[in-house]
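A short write-up of the structure that comes next.
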Amino acid sequence: MREFNEQERIRIEKLKEISKTERIYPNDVKVRNTILEIRNAFDNKNREELEANLGKEIFSIAGRIMGWRSFGKVHFLDLKDMTGKIQLFVSRGNTGLSDEKFEKFKRHLDIGDIIYCEGYPFKTKTGELSIAVKDFRLLSKCIHPLPEKWHGLSDIELRYRKRYLDLIMNDEVKEIFRRRNKIISLIREHLDKEGFIEVETPMMHSIPSGANARPFVTHHNALDMKLYMRIAPELFLKRLVVGGFEKVYEINRNFRNEGISTQHNPEFTMIEFYWAYKTYEDLMIFTENMLADIALRVTGSHKVMYQGMLLDFTPPFKRIKVKDALISECGIKPEEIDNIDTLKDKAKSLGIEIPKYATKGYLMMSIFEEMLEDKLIQPTFVLDFPIEVSPLSRKKDSDPTLVDRFELYIAGREIANAFSELNDPFDQAERFMMQLEFKEKGDEEAMVFDEDYINALEYGMPPTAGEGIGIDRLVMLLTDSPSIRDVILFPLLRPEVRS
RNA sequence: GGGCCGUUAGCUCAGUUUGGUAGAGCAGCUGACUCUUAAUCAGCGGGCCGCAGGUUCAAGUCCUGCACGGCCCA
1162 MREFNEQERI
1172 RIEKLKEISK
1182 TERIYPNDVK
1192 VRNTILEIRN
1202 AFDNKNREEL
1212 EANLGKEIFS
1222 IAGRIMGWRS
1232 FGKVHFLDLK
1242 DMTGKIQLFV
1252 SRGNTGLSDE
1262 KFEKFKRHLD
1272 IGDIIYCEGY
1282 PFKTKTGELS
1292 IAVKDFRLLS
1302 KCIHPLPEKW
1312 HGLSDIELRY
1322 RKRYLDLIMN
1332 DEVKEIFRRR
1342 NKIISLIREH
1352 LDKEGFIEVE
1362 TPMMHSIPSG
1372 ANARPFVTHH
1382 NALDMKLYMR
1392 IAPELFLKRL
1402 VVGGFEKVYE
1412 INRNFRNEGI
1422 STQHNPEFTM
1432 IEFYWAYKTY
1442 EDLMIFTENM
1452 LADIALRVTG
1462 SHKVMYQGML
1472 LDFTPPFKRI
1482 KVKDALISEC
1492 GIKPEEIDNI
1502 DTLKDKAKSL
1512 GIEIPKYATK
1522 GYLMMSIFEE
1532 MLEDKLIQPT
1542 FVLDFPIEVS
1552 PLSRKKDSDP
1562 TLVDRFELYI
1572 AGREIANAFS
1582 ELNDPFDQAE
1592 RFMMQLEFKE
1602 KGDEEAMVFD
1612 EDYINALEYG
1622 MPPTAGEGIG
1632 IDRLVMLLTD
1642 SPSIRDVILF
1652 PLLRPEVRS
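According to the numbering used here, the stretch in the first sequence is residues 1162 to 1660, in order.
See below:
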């Protein structure tokens, strides 16, 4: 049995007392108005206009009591619903409560309770729009005292563990998740406008595929088989392009069995979209226009402040090629960029550990990540990745060691990854074989050979470009959130151990 | 995995330097108060000081280990 503290026991006693004369936890009230409606209708009216209305048109609202100021025979409460906050004015008399109801009001209710009330809008001496309460009902009791009214709930661990309490207390948290919803809606709007179809592909895969990452493993009892939580939907979405869905997207969770940080949660949300008869160059233009529009409509400007950095989403975004950046920014000479020994020396000098399966491309990207990633503050497309680190991308016509691929960096973080898709089944089979070699040499993130995917490509996939955008990271940027946990409602935490 | 920091009342925090009866504000309870908005005034109650060991006459405080969390690094 739960143990309750003194304050909680008092509130439970109040509930018991109420239950003697009425149903507790009732659901038979009809809430006809929202606080926002009342504000919109009366905020602009002056005291005299509202005075004339007093006692005539009655409104009904419901919400949570967030504050209480008592003067004995008059009480001021703050009531909050999903649309806003309004002050309740509770007294006795014609436009107030009966003596009996007034006593019940004082005796039964607490800060935190969810109540229904009916009353008349008016303005107090200080000009604050308030509801003169004519009748009320307790709908749901708050057994626990709410956090302190001034400082609120600030303990980070408690905020994540008890997100409901965080949402009750911190309006800015609600705003972050409203904004997250808006961002996702806008992405859908942009894709729907182009004639895309939204689909859902499996979350459980019999072979992990579509990205270089370690999967979560689970087991299906009836089929007695291993299943992997998906690390990416890529190969399924491209099967759909083969099937004739030429513009297709999915917004859903990926699961990666890796560490947790301010940038990583084991489950995170991605949008992946595939667009037949387009190239990665087309996607850069689409992406910069879409992100600029979202930034503008969500924050009101193309220029967004993130953690002290002013990010400029005005298109076009900067474009740099991987090799050019290594040469101009990392002190590698043009004639040595393709020399594996030079790259190894450079990597060593940066303290990068060099695994057995390290190739030129692997080293180039390691050096890039170590030296340049953090510096890409303004939105920047990094293009033309080495083929060894891009097993699903189309080879460049002009240079078979590179692929038609870009990643978008903003505020030093990878936000999007896109490429012209590899639709040549013979080349794809070779790439899978190359991945297997890496795996044998110890690369745990190397891809597995997916025979059915090759088979799908053998039926013919149109030339296609595809892209993935990390929704959580994008939301972080547009809500000025320092941690991914601030934009995920229920981030993964170790379970609390109670002694 | 490593380093640093944190964990005290329902919440927000003092108290740890220099070991000696556990503190404040909000919230709660009792009383006063008919226009406040962090209302005000008077009084009262509320503690496994994260957990487990150790040192000591004596530990919230010092030492060790563990748990959970935060930031940084890998």
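All residues carry an ideal CB built from backbone N, CA and C; glycine is no exception.
Residue span of the beta strand (DSSP E) that contains residue i, given as start and end
{"i": "I1219", "result": "Neither: I1219 is in no beta strand (DSSP E) and is coded neither H nor E."}
{"i": "V1543", "result": "T1541 to L1544"}
{"i": "E1428", "result": "E1428 to A1437"}
{"i": "E1379", "result": "In the sequence as presented, Glu is not what sits at residue 1379; that position holds Thr. V1378 to H1381 is the extent of the beta strand (DSSP E) around T1379."}
Residue(s) in a DSSP beta bridge with residue i
{"i": "E1497", "result": "None; E1497 has no bridge partner."}
{"i": "N1578", "result": "E1568 and G1629"}
{"i": "A1617", "result": "Partner(s): none; A1617 has no beta bridge."}
{"i": "I1538", "result": "Paired residue(s): none; I1538 is not in a bridge."}
{"i": "D1316", "result": "Partner(s): none; D1316 has no beta bridge."}
{"i": "G1245", "result": "D1242"}
{"i": "E1359", "result": "Y1410"}
{"i": "F1297", "result": "C1278"}
{"i": "W1229", "result": "L1238"}
{"i": "R1253", "result": "L1258"}
Alpha-carbon spacing of residue i relative to residue j, whole angstroms
{"i": "L1650", "j": "D1641", "result": "16 Å"}
{"i": "I1630", "j": "L1398", "result": "15 Å"}
{"i": "H1269", "j": "G1216", "result": "25 Å"}
{"i": "L1300", "j": "G1273", "result": "11 Å"}
{"i": "M1227", "j": "M1330", "result": "9 Å"}
{"i": "R1340", "j": "N1450", "result": "19 Å"}
{"i": "I1196", "j": "P1308", "result": "23 Å"}
{"i": "N1413", "j": "L1653", "result": "17 Å"}
{"i": "M1162", "j": "R1225", "result": "Any reading at M1162 needs caution, since the residue's pLDDT is 47, under 50, leaving its predicted position unreliable; the model's value is listed next. M1162 and R1225: Cα-Cα distance of roughly 27 Å."}
{"i": "L1563", "j": "Y1523", "result": "12 Å"}
{"i": "M1667", "j": "T1423", "result": "Because the chain spans 1162 through 1660 in this model, residue 1667 falls outside it and cannot be assessed."}
{"i": "P1680", "j": "T1625", "result": "Outside the modelled stretch of the chain, which goes from 1162 to 1660, sits residue 1680, for which no answer is possible."}
{"i": "Y1614", "j": "K1354", "result": "29 Å"}
{"i": "G1245", "j": "F1220", "result": "15 Å"}
{"i": "S1660", "j": "E1164", "result": "Low per-residue confidence applies at S1660: pLDDT is 44, beneath 50, and the placement is therefore not dependable, though the value from the model is reported in the following sentence. About 14 Å."}
{"i": "K1479", "j": "K1505", "result": "29 Å"}
{"i": "F1429", "j": "Y1321", "result": "16 Å"}
{"i": "P1363", "j": "R1655", "result": "27 Å"}
{"i": "D1647", "j": "E1359", "result": "27 Å"}
{"i": "H1351", "j": "E1407", "result": "16 Å"}
{"i": "E1549", "j": "L1487", "result": "17 Å"}
{"i": "E1573", "j": "G1356", "result": "Residue 1573 is actually Gly in this sequence, not Glu. Approximately 32 Å between the Cα atoms of the pair."}
{"i": "P1540", "j": "E1218", "result": "54 Å"}
{"i": "R1349", "j": "K1286", "result": "48 Å"}
{"i": "R1172", "j": "G1420", "result": "43 Å"}
{"i": "D1296", "j": "M1470", "result": "51 Å"}
Beta-carbon proximity of residue i to residue j, cut-off 8 Å
{"i": "Y1441", "j": "S1581", "result": "yes"}
{"i": "A1607", "j": "Q1589", "result": "no"}
{"i": "I1317", "j": "I1632", "result": "no"}
{"i": "D1604", "j": "Y1518", "result": "yes"}
{"i": "P1623", "j": "V1459", "result": "no"}
{"i": "F1567", "j": "M1445", "result": "yes"}
{"i": "V1294", "j": "V1251", "result": "yes"}
{"i": "V1543", "j": "I1498", "result": "no"}
{"i": "T1448", "j": "L1569", "result": "yes"}
{"i": "A1456", "j": "V1465", "result": "yes"}
Candidates the options: closest to residue i by CA position
{"i": "E1264", "options": "R1555, Q1248, V1235 and I1275", "result": "V1235"}
{"i": "D1239", "options": "S1291, P1308, L1314 and S1510", "result": "S1291"}
{"i": "F1283", "options": "W1311, H1312 and E1210", "result": "E1210"}
{"i": "V1609", "options": "D1271, E1361 and N1373", "result": "N1373"}
{"i": "K1387", "options": "E1411, A1508, V1402 and I1368", "result": "I1368"}
{"i": "N1194", "options": "R1208, I1571, F1237 and D1242", "result": "D1242"}
{"i": "S1510", "options": "T1520, G1405, C1491 and P1643", "result": "C1491"}
{"i": "L1639", "options": "D1327, S1462, T1503 and S1554", "result": "S1462"}
{"i": "F1587", "options": "A1617, F1599, E1598 and D1558", "result": "A1617"}
{"i": "A1577", "options": "L1537, L1635 and Y1620", "result": "L1635"}
{"i": "S1559", "options": "V1192, I1571 and D1545", "result": "D1545"}
{"i": "D1502", "options": "S1489, V1190, P1376 and T1520", "result": "T1520"}
Boundaries (first-last residue) of the alpha helix (DSSP H) holding residue i
{"i": "T1285", "result": "No alpha helix (DSSP H) contains T1285, which DSSP labels as neither H nor E."}
{"i": "Y1325", "result": "R1324 to M1330"}
{"i": "Y1523", "result": "K1521 to M1532"}
{"i": "L1597", "result": "P1586 to E1601"}
{"i": "M1445", "result": "Y1441 to T1460"}
{"i": "I1481", "result": "Unbroken run through I1481 is the beta strand (DSSP E), K1479 to K1482; no alpha helix (DSSP H)."}
{"i": "V1465", "result": "Here V1465 belongs to no alpha helix (DSSP H); instead the beta strand (DSSP E) covers K1464 to Y1467."}
{"i": "K1177", "result": "E1167 to T1182"}
{"i": "L1472", "result": "Not the alpha helix (DSSP H): L1472 falls in the beta strand (DSSP E), residues M1470 to D1473."}
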